[in-house]
Amino acid sequence: MATQKGGYTPSLEKFLDSLKSRPVQASVELLISLLKRRQIKGSEACATATAHILLQVVARDKWTNVDQLLGRIQLVGRKLVTAQPHELATGNIVRRVLGLIRDEASEERNDATTDSPRPASPSPSPSASASVPAPSHASSPPKPARPPTLASIGSFARTQSMFNLLSDPNLFPPTGSNASTPGQVSGASTPILNPQATNVSALRSEVIDGIQEIMDEIKMVDEQVQTYADIFIHPGDYILVYQPSRTVQKFLTRAALKRKFTVFLAIDPSSATSSEALYASLLKSMASNGSSVITVLNAGLMAYMSRVDKVILGARAITAQGGVIVDSGGAAIARAARERRRTVIVLGGVYKLSPESKLLSESRVEWGDPSKYVSFADGSLVSHVRVKNAVSEFLPADQVDTYITNLGAHAQENLHTIIADHYKEEDINFDLYGKAQRISGGEIE
Amino acid sequence: MANNDATAAISGQLPIRQNPDVGSFDIVATYHRLLADDPELTMPMATIEALIEALGASSATTVFETMKLVEAQSDRLWQSPLVANPMAVRHGSDFFKQYLVRELRQLPSSTGAASGSGSRNEDQQFEGIRQHLLRNARLFATRAKDAREKIAAEGRYLIPDKSIILTHGGSRVVGTLLGRAVERVNGDPPRRFKVIYVISESRQTESDKAVAALRSKGISVATIPEGGVAHVMSKVDLVFIGAEVITAQGGILSRLGTYQIAKLAKIDGKPCYVAAEQHKLGQTFPVDQFSFNCRGFQQNSLDFSKTTNSGSSGAETEDEKRAVELRSATPLDYTPPDLITTFICDHGVKSTVAMEHQVIDMFVS
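Listed in order, the protein sequences are those of chains A and B. Position 213, counted from 1, in the first sequence is what our numbering calls 213; the numbers after and before it change by one each time, with no gaps. Offset between the second sequence (1-based) and our numbering: plus 1000.
As structure tokens, this is what we get:
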């Protein structure tokens, strides 16, 4: 089966179609090679592919306990991230899934403790990290609606780690790494094998549901982001967009339904020829609603900046500190806007918000195919001149005013609370990148 | 202003022990002994250790008595004229008190029975917490030192290849960070960087020691005087500074000179990272350089005078004079959060606002 993959141009759709008919390991390998060859690219495609492959791992791989599953996801996740470290969305989804598994596992465990008699513990008070909701659960029916999620006990979880400094080593596992072993709580009174077996199938379906939710979230991002369009775009506004992504295009289209405004469509000169087709639907829907679109070339943007009210950029990824990875050329526009004190708005789904702090600034710029500047036929030039073409570049946090995600508009200051709500600390600290970080570093494993 | 005689007198007279007596225990001396014994210990951590020793020396058994004891001892410590940085002491003791309160709140029985037997039970369980603290005092110090290693592990990723790092002061965290960054850790190759170290003339020995320590690790170090920071800033890629105290707004209190370095880095658009453990965090709100909003914390940094040898420091009592003298010998300044790019903490790289939220989470929730 794997032999036919050279026969067609692989794409995300074809990859997803072929998932079911292929063993999990082969799918993982195929995705790695697709990512490496940039045949799946862009944060949405990468996030979707990652979510699907992790779903396959959870659903079809053999695992008998949570630690095994976590280890498996971490291994696959690391391979995917190493294959294409520039796509931060891949790592984000891996971490989301890891967090999801931890959540579901602790939920299972709480159920287990309420069902079975509390094991005789040598310590006077039960471990705080595991049984925060335990006292209330003991009296409630066996299947409570849902234990408090990370968000509701967020501040507790966040500060608990700080007080670990003074915690009792016998009571709390300091890093929480042992916290996910379900064997600890099953107690001596019940046989270990039975609850494990039921746990696994229940956990499997719970985690699969969770991953489905993540996939839906990725799919819904554009629709959810565009609901904020008429709040941010006012009648008569002059909006500058740069190589609008689908998210940005939908945002503008939605605003055009209610408002009349003018869009400056800035396009990189080298890709100007193909732009007509790319933005045709945007142009059409804008025109039909009475808003106008003016195409401008990237070169003279500062001249337009005095007319522009807002600059809207689509994010490839957003870092925890508020920096944004944008299409190359976007940073110069943001800078020009900053010079004129114009508002810079960044659009992107929450799944693009990366908790990764180990990114080096040089690894944030992605270098790509330089053939659009120099023809390879031009031998004398190619052999004597080194041509570099940045595909994406890094926009520092201080040049962005507002971030609009599917959860709403955010200031740079509260991005970290979104991260705290979506990722677990142990997963944030997990080094997905490994050696891929270093330019000199080779492949992992 | 509880001074030693007054509290001793009260505790001797009243039948209810407001300040449970701790015998001949002297928290200020203990604090200084701990700091002297272990040069790796931070000031908030030494405070916590000293308070644990106070717990051990006292006969307090009930929750109420213990809380009173901790309260009284920490007040005595941070108001002592012999303590160089009362703010660090306050952060340490606040952290400790908050820990006790949280532990109490988590006791399972505290929600249920409100009868007398319930509170007796609570006291017994509290005794468990007390025993744990007394038993594990050294462990906490070790953990606090491990935090430095964690910071070093986080911080190495912020060092770009072939970069030049500016630093100053004797921060042990920054020293560890730079030292670890030139090592190979878990297959991650060593970072290639050079260091510009800002020599402080008033603390020549400390500066020399820090530079020697860096050079012994194989790092090329250039030294410049404090006046040369702006001059070299164009060559610098990033700035690492340490902190004695992280304030509630996400600013820091650190060696005199930190503020100026941070400001110059900001003007040149260079990232300025603060490497500090999270236990230095606390609820203090310095307003500006001259009002740290901490009672009795005054450094005589401005001494206008027409004669060359001035002696008047404005302090009235002997204690105040000693305090001002001591604090002027190790002057600090306040670096506001807007000059700090991010914090490198033992729980990851955090923005200044994240630190602010952490204070709120810690003390309000």
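Cβ atoms here follow ideal geometry from the backbone N, Cα and C, with glycine treated the same way.
Original post:
Can you name the residues of chain B whose CB is closer than 7 Å to the CB of Asn429 of chain A?
Top reply: Sequence index remark: in the first sequence, residue 429 of chain A carries index 429 (1-based). Ordered by position in chain B, the residues that pass the 7 Å Cβ test against Asn429 of chain A are Gly1348.
**OP:** With a threshold of 7 Å, establish whether the CB of Ser1220 of chain B neighbours any heavy atom of the ligand MN.
**Re:** Among the components of this structure there are no ligands whatsoever, and the ligand MN is therefore not found.
Subject >> alpha helix (DSSP H) segment containing Asp421 of chain A, residue limits >> reply: On the first sequence, position 421 is the one that residue 421 of chain A refers to. Taken as a continuous stretch (DSSP letters only), the alpha helix (DSSP H) holding Asp421 of chain A covers 415-422.
Original post:
By Cβ distance below 6 Å, which residues in the same chain neighbour Phe430 of chain A in space, the five residues on each side in sequence not counted?
Top reply: Locating residue 430 of chain A in the first sequence gives position 430, where the first residue counts as 1. Once the five neighbours on either side are set aside, Phe430 of chain A has no close Cβ partner at all.
Subject >> Start and end residues, beta strand (DSSP E) containing Thr1176 of chain B >> reply: Here residue 1176 of chain B is taken as the residue at index 176 of the second sequence, counted from 1. That residue, Thr1176 of chain B, is in no beta strand (DSSP E); its alpha helix (DSSP H) goes 1172-1181.
Original post:
From A:Lys36, A:Gly99, A:Cys46, A:Arg37, pick the residue whose C-alpha is nearest to that of Leu12 of chain A; which is it?
Top reply: Taking the first residue of the first sequence as 1, we reach residue 12 of chain A at position 12. Of A:Lys36, A:Gly99, A:Cys46, A:Arg37, the residue nearest in Cα terms is A:Cys46.
**OP:** Below 8 Å on the Cβ atoms is my guess for Leu1134 of chain B versus Gly1056 of chain B; work out the distance and round it to an integer in Å.
**Re:** Position 134 of the second sequence holds residue 1134 of chain B. Position 56 of the second sequence holds residue 1056 of chain B. That pair is a contact at about 5 Å.
Original post:
Does the beta carbon of Glu425 of chain A sit closer than 8 Å to a beta carbon anywhere in chain B?
Top reply: As a first step, residue 425 of chain A is located in the first sequence; it is residue number 425 there, counting from the start. Closer than 8 Å to some Cβ of chain B, the Cβ of Glu425 of chain A qualifies, so yes.
Subject >> Ser106 of chain A to Ser357 of chain A span [Cα, whole Å] >> reply: Taking the first residue of the first sequence as 1, we reach residue 106 of chain A at position 106. Taking the first residue of the first sequence as 1, we reach residue 357 of chain A at position 357. Approximately 27 Å, taken between the alpha carbons.
**OP:** Answer yes if the stretch 225-245 of chain A comes into contact with the stretch 209-216 of chain A, meaning at least three C-beta pairs across the two stretches below 8 Å, and no otherwise.
**Re:** no
Subject >> chain A within 8 Å of Ala1354 of chain B, Cβ atoms only >> reply: If you number the second sequence from 1, residue 1354 of chain B lands on position 354. Judged by the 8 Å Cβ criterion, Ala1354 of chain B is in contact with chain A.
Original post:
Is Leu240 of chain A helix, strand or coil when you go by DSSP?
Top reply: Locating residue 240 of chain A in the first sequence gives position 240, counting from the first residue. Looking at Leu240 of chain A - three-state DSSP - the assignment turns out to be strand.
Original post:
Could you give the residue range of the beta strand (DSSP E) that holds Lys310 of chain A?
Top reply: What you label residue 310 of chain A is simply residue 310 of the first sequence in a count that begins at 1. Where Lys310 of chain A is concerned, the enclosing beta strand (DSSP E) stretches over 310-314.
Subject >> Other residues of its chain near His1132 of chain B: CB distance less than 6 Å, five sequence neighbours each side excluded >> reply: What you label residue 1132 of chain B is simply residue 132 of the second sequence in a count that begins at 1. Contacts found: none.
Subject >> Per DSSP, the bridge partner or partners of Trp465 of chain A >> reply: This structure does not reach residue 465 of chain A, given that chain A is present from 1 up to 445, and the question cannot be answered.
**OP:** For Phe376 of chain A, write down the residues that DSSP places opposite it in a beta bridge.
**Re:** For this step, residue 376 of chain A is matched to residue 376 along the first sequence. None; Phe376 of chain A has no bridge partner.
**OP:** Could you tell me which of B:Ser1301, B:Leu1253, B:Ile1267 sits nearest to Thr1284 of chain B, measuring between CA atoms?
**Re:** The count along the second sequence starts at 1 and reaches residue 1284 of chain B at position 284. Ranking B:Ser1301, B:Leu1253, B:Ile1267 by Cα distance to Thr1284 of chain B puts B:Leu1253 first.
Original post:
Taking C-beta to C-beta, are Glu1277 of chain B and Ala1144 of chain B nearer than 8 Å?
Top reply: Counting from 1 along the second sequence, the entry for residue 1277 of chain B is found at position 277. Counting from 1 along the second sequence, the entry for residue 1144 of chain B is found at position 144. For Glu1277 of chain B and Ala1144 of chain B, yes; Cβs fall inside 8 Å.
Original post:
Any idea if Trp367 of chain A is buried or exposed, counting beta-carbon neighbours within 10 angstroms, 16 or more meaning buried?
Top reply: Reading the first sequence from its first residue, position 367 is the one you call residue 367 of chain A. That one is exposed.
Original post:
Taking Cβ-Cβ distances shorter than 9 Å, what residues in chain A pair up with Met1233 of chain B?
Top reply: By one-based count along the second sequence, residue 1233 of chain B stands at place 233. Chain A residues near Met1233 of chain B: none, gap ~18 Å exceeds 9 Å.
**OP:** Output, in chain order, the set of chain B residues within a Cβ distance shorter than 8 Å of His410 of chain A.
**Re:** On the first sequence, residue 410 of chain A is found 410 positions in, with the first residue counted as 1. In chain order: nothing, as chain B lies at least about 12 Å away.
Subject >> chain B contacts from the stretch 18-42 of chain A (Cβ-Cβ distance under 7 Å) >> reply: none
Subject >> Coil, strand or helix - Leu297 of chain A by DSSP >> reply: Position 297 of the first sequence holds residue 297 of chain A. Correct three-state label for Leu297 of chain A: strand.
Original post:
Nearest to Gln1106 of chain B by CA position, among A:Pro10, A:Leu88, A:Ser167, A:Gln84, is which residue?
Top reply: Counting from 1 along the second sequence, the entry for residue 1106 of chain B is found at position 106. Considering only alpha carbons, the answer is A:Ser167.
Subject >> CA-to-CA distance, His86 of chain A to Lys14 of chain A, given in whole angstroms >> reply: Here the question's residue 14 of chain A lines up with position 14 in the first sequence. Here the question's residue 86 of chain A lines up with position 86 in the first sequence. Rounded to the nearest angstrom, the two C-alpha atoms are 23 Å apart.
**OP:** In angstroms with no decimal places, state the Cα-to-Cα distance between Ile1246 of chain B and Phe1140 of chain B.
**Re:** Here residue 1246 of chain B corresponds to residue number 246 of the second sequence, with the count starting at 1. Here residue 1140 of chain B corresponds to residue number 140 of the second sequence, with the count starting at 1. Roughly 19 Å separates the two Cα atoms.
**OP:** Measuring only between beta-carbons, confirm whether Glu217 of chain A sits less than 8 Å from chain B.
**Re:** As a first step, residue 217 of chain A must be located in the first sequence, where it is residue number 217. Chain B contact via Cβ: absent.
Original post:
Relative to the C-alpha of Asp427 of chain A, which residue among A:Lys62, A:Leu407, A:Leu415, A:Arg95 is closest?
Top reply: Taking the first residue of the first sequence as position 1, residue 427 of chain A is located at position 427. Taking only the C-alpha atoms, the option nearest Asp427 of chain A is A:Arg95.
Original post:
Going by alpha carbons, who is nearest to Lys1194 of chain B out of B:Ala1213, B:Glu1154, B:Val1236, B:Glu1226?
Top reply: For the purposes of this step, residue 1194 of chain B is identified with residue 194 of the second sequence, where counting begins at 1. For the residues B:Ala1213, B:Glu1154, B:Val1236, B:Glu1226, the minimum Cα distance to Lys1194 of chain B belongs to B:Val1236.
Subject >> Whole-angstrom distance between His1347 of chain B and Asn164 of chain A, CA atom to CA atom >> reply: Locating residue 164 of chain A in the first sequence gives position 164, where the first residue counts as 1. Locating residue 1347 of chain B in the second sequence gives position 347, where the first residue counts as 1. Taking the straight line joining both Cα atoms gives about 11 Å.
Original post:
For chain B, is any of its Cβ atoms less than 8 Å away from the one on Phe261 of chain A?
Top reply: For the purposes of this step, residue 261 of chain A is identified with residue 261 of the first sequence, where counting begins at 1. By this cut-off, Phe261 of chain A is not an interface position.
Original post:
Among all the DSSP beta bridges, which residues are the ones paired with Thr1240 of chain B?
Top reply: Counting from one through the second sequence, the residue named residue 1240 of chain B turns up at place 240. The residue you asked about is not Thr; residue 1240 of chain B is Phe in the sequence shown. Phe1240 of chain B is bridged to B:Tyr1273.
**OP:** Go ahead and label Leu297 of chain A buried or exposed: buried means 16 or more other beta carbons lie within 10 angstroms of its beta carbon, across all protein chains shown.
**Re:** Reading the first sequence from its first residue, position 297 is the one you call residue 297 of chain A. Label assigned to Leu297 of chain A: exposed.
Original post:
Measuring CB to CB, does Ala83 of chain A end up less than 8 Å from Lys41 of chain A?
Top reply: As a first step, residue 83 of chain A must be located in the first sequence, where it is residue number 83. As a first step, residue 41 of chain A must be located in the first sequence, where it is residue number 41. Contact flag unset, no.
**OP:** Measure from the C-beta of Gln56 of chain A to each C-beta in chain B and report whether the shortest distance is under 8 Å.
**Re:** Along the first sequence, one-based indexing puts residue 56 of chain A at 56. Chain B, which has no Cβ nearer than 8 Å to the Cβ of Gln56 of chain A, makes this no.
Original post:
Which term fits Ala1036 of chain B, buried or exposed, when burial requires 16 or more other beta carbons within 10 angstroms of its beta carbon?
Top reply: Along the second sequence, one-based indexing puts residue 1036 of chain B at 36. Exposed.
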